[in-house]
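Shown next, in structure tokens, is the structure this report addresses.
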Amino acid sequence: MEAVSKTAQWTAAARALESERADALFVDPYARTVAADTGFKLLDRYAGAGTVEFLAIRTTYLDRAIAKAASEQGIRQVVFVAAGMDTRPFRLDWAVGTTVFELDRPALLLAKDQLLDGAQPPAGVTRHPVAVDLAGEWTDLLLMGGFRPDVPTLWVIEGLMFFLPEDAVRRLLATVRGLSAEGSVLLGDFASRASLVNPLARPFLNALADDGAPWQFGTDTPEQFLTECGWEAREVRQPGEDGASFDRWPYPVLSRDLPGVPRSFLFTACPA
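Under our numbering, the first residue of the sequence shown carries the number 799, and numbering increases by one thereafter.
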């Protein structure tokens, strides 16, 4: 797999550690399997302050936001953009009739299916892996896979956008907006610009860059950025704030009025 794809196993390793806690926020029974040795090696290599805690919080925030969108808005079409080693199609309680599309690079999807070794989503749920290059043209492949742009869609873009240059992020969000019917929901995360130059995070950032997966994009104004790409933020949370803490974040949450602070943002948005 490509370097950026391998970071998906790093995330899976963190999910495995959370799943094995006595007070686990979620249980991902497949996480240790899809993480494999690579994921735990990368977890050690990319170790940093709050990394494991953040990944547990991000997973929990998105799990709950997915469940809310599905239950309150009745969305039955879901697209995981850069699905990585995420196993939500298998482990979440989906409504009967849900169709889940997983977009990612061909080598990653192949490796994932091999690691999962025949695992199936819940009864009544249809899973469609769609091999694409998200840096290129991918909408036709999604449409050919059965995606319907005329029905509300739940889009999940997790752990991807900081790996892309800004123009690619804008293009991705605009493309997703163009495929979104009224009632659609977008979930995801951003890093702040300060996160890209934080001296304390330099060993972590250097390791990612050395492995061919540098962080390239951050925004300090996620609401404005989403608006510019055709989306309206319903909520934006920093880890540690109400709705994005879950008793995991070990650090103070600094006001967004304070400039130059490395931050992460978790967001829920709808078409503007």
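Using N, Cα and C, we set each Cβ at its ideal position, and we do this for glycine too.
Buried/exposed call for D915, threshold 16 Cβ in 10 Å: With fewer than 16 neighbouring CB atoms inside 10 Å of its own CB, D915 falls in the exposed class.
Ordered list of alpha helix (DSSP H) runs contained in the stretch 892 to 916, each at least 4 residues: If we require 4 residues or more, the alpha helix (DSSP H) runs fully inside the stretch 892 to 916 come out as 904 to 914.
Candidates S1062, M883, L906 and R1032: closest to V930 by CA position: Out of S1062, M883, L906 and R1032, L906 has the C-alpha closest to the C-alpha of V930.
D987 - partner residues in DSSP beta bridges: Beta bridge pairing from DSSP links D987 with L1064.
Contacting residues, own chain, Cβ-Cβ under 6 Å from F960 (five flanking each side not counted): A989, W1013 and F1015, listed in sequence order.
Contact check, A917 vs F888, beta carbons under 8 Å: A917 places its beta carbon less than 8 Å from that of F888.
Inter-residue Cα distance where the pair is V877 and L958: Using only the alpha carbons, I get a separation of about 14 Å.
Euclidean distance between Cα positions of A865 and L901: Computed Cα separation, rounded: 20 Å.
Span of the beta strand (DSSP E) around A770: The question about residue 770 has no answer, for the chain in this structure spans 799 to 1070.
Run of the alpha helix (DSSP H) containing L952, from where it starts to where it stops: Counting along the chain, L952 sits inside no alpha helix (DSSP H); it lies in the beta strand (DSSP E) bounded by residues L952 to I955.
Counted within 10 angstroms of its Cβ, other Cβ atoms place R1035 as buried (16 or more) or exposed: Buried.
Candidates P1057, T973, A966 and E851: closest to N996 by CA position: Comparing Cα-Cα distances from N996 to each of P1057, T973, A966 and E851, the minimum goes to P1057.
Rounded distance between the beta-carbons of E1030 and T1066, thought under 8 Å: So it is not a contact: roughly 10 Å between Cβ atoms.
Environment of L984 [buried if 16+ CB atoms lie within 10 Å]: Classification of L984: buried, given that the 10 Å Cβ count is 16 or more.
CB of R856 within 8 Å of CB of L1064, strictly: Yes, Cβ-Cβ distance for R856 and L1064 is below 8 Å.
Among Q912, T1019, R874 and Y859, the one whose alpha carbon lies nearest that of M883: For the options Q912, T1019, R874 and Y859, the alpha carbon positioned closest to that of M883 is the one of Q912.
Boundaries (first-last residue) of the beta strand (DSSP E) holding Q875: Segment Q875 to V879, the beta strand (DSSP E) holding Q875.
Min CB distance E964 to chain C below 8 Å: Of the protein chains in this structure there is only one, and it is not chain C.
Nearest residue (CA-CA) to P1037, options D842, K839, F852 and R843: The shortest C-alpha to C-alpha distance from P1037 to any of D842, K839, F852 and R843 is the one to F852.
Cβ-Cβ distance between A854 and R1046 below 8 Å: A distance below 8 Å separates the beta carbons of A854 and R1046.
Counterpart residues of R925 in DSSP-defined beta bridges: DSSP lists V898 as partners of R925.
Buried versus exposed call for G944 [16 or more other C-beta atoms within 10 Å across all chains shown]: It is exposed - the Cβ of G944 has fewer than 16 other Cβ atoms within 10 Å.
Of the residues T937, S978 and T885, the one placed nearest R925, counting alpha carbons only: Nearest of T937, S978 and T885 to R925, Cα basis: T885.
Residues sharing a beta bridge with P1069, DSSP: Per the DSSP secondary-structure output, P1069 pairs in a beta bridge with W1029.
N- and C-terminal bounds of the alpha helix (DSSP H) containing T857: T857 -> alpha helix (DSSP H) spans T849 to Q871.
Proximity below 8 Å, CB of V832 to CB of K910: Closer than 8 Å, so yes.
heavy atom of the ligand FMN below 7 Å from A1005 C-beta: Ligands displayed in this structure: none; no statement on the ligand FMN is therefore possible.
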